[in-house]
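**Student:**
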Amino acid sequence: GPQCDLQGLWRNELGSNMTLWALDAAGTFSGSYHTAVAATNKQILVSPLQGAQQHPSAKGQPTFGFTVQWLFADSTTAFVGQCFVDRRGKETLETTWLLREEVPSRRDSWKATRVGTSIFTRIK
Ligand code: B9F
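Residue numbers for the sequence shown follow this note's numbering, so the first one is 177 and each next one is one higher.
1) Check arginine 264 in the structure and name its three-state DSSP category.
2) With a threshold of 7 angstroms (Cβ to nearest heavy atom), would glycine 207 be considered close to ligand 1?
3) So, glutamate 277 versus arginine 298, is the Cβ gap smaller than 8 angstroms?
4) Given glutamate 189, which residues of its chain have a CB within under 8 angstroms of its CB, disregarding the five upstream and five downstream residues?
5) Can you name the start and end residues of the beta strand (DSSP E) that serine 192 belongs to?
6) Quick check on tryptophan 246: does DSSP put it in helix, strand or coil?
7) Got a sec: does ligand 1 put a non-hydrogen atom nearer than 7 angstroms to the Cβ of leucine 247?
8) Taking the C-alpha atoms as reference points, what is the distance between glycine 191 and glycine 184?
9) Are there any heavy atoms of ligand 1 lying less than 7 angstroms away from the beta-carbon of serine 198, as far as the coordinates show?
10) Are the beta-carbon atoms of proline 224 and histidine 231 separated by less than 8 angstroms?
Put into structure tokens, the structure is as follows:
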């Protein structure tokens with residue numbers, strides 16, 4: 177079947193946009209993330225991401241992971257997912273994310289992680 181290509185411009189159900197750059201030979205990649213939501217009064221800044229795709233050459237619907245280093249918050253989000261491609265060649269990234277917020281003490285660690293799912297479709 178057709179290959180699923182991570183490189184490009186993607187949008188999720190929240191309206192967040194991300195750009196993924198071409199993979200290197202090892203399957204690692206970088207990109208940028210522009211979140212549409214933040215739950216903070218701070219100004220949203222486009223933030224860098226770093227990731228890796230599994231078996232970068234062979235198979236058609238690879239798994240991948242990436243982390244976003246937010247430039248406006250003391251927090252980190254990690255996404256894992258899989259790139260699916262349908263018979264018409266339409267690509268979808270099915271992901272699950274963990275958002276770790278910086279908390280002042282270990283006693284607050286229990287409330288520091290959010291989890292969710294997100295679906296990205298290609299816009300370019
Ligand atoms: O809102 C996050 C943040 C961390 C500490 C203050 C603000 C940073 C942006 C996260 C964006 C998330 C969503 N956007 C998206 O596209 S990543 C997963 C979702 N998908 C207050 C404390 C922790 C969160 C809000 Fe904060």
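Note that CB positions come from ideal geometry on N, CA and C, so glycine has one too.
Being a predicted model, the structure only gives us computed values, none of them experimental.
**Tutor:** A quick look at the data gives this:
1) In this structure, arginine 264 counts as coil in the three-state DSSP scheme.
2) no
3) no
4) Ser294 and Ile295, listed in sequence order.
5) Per DSSP, serine 192 lies in no beta strand (DSSP E) and is assigned neither H nor E.
6) coil
7) no
8) CA-to-CA, the gap between glycine 191 and glycine 184 works out to about 16 angstroms.
9) As written in the sequence, residue 198 is alanine, which differs from the serine given in the question. No - ligand 1 has no heavy atom lying nearer than 7 angstroms to the Cβ of alanine 198.
10) no
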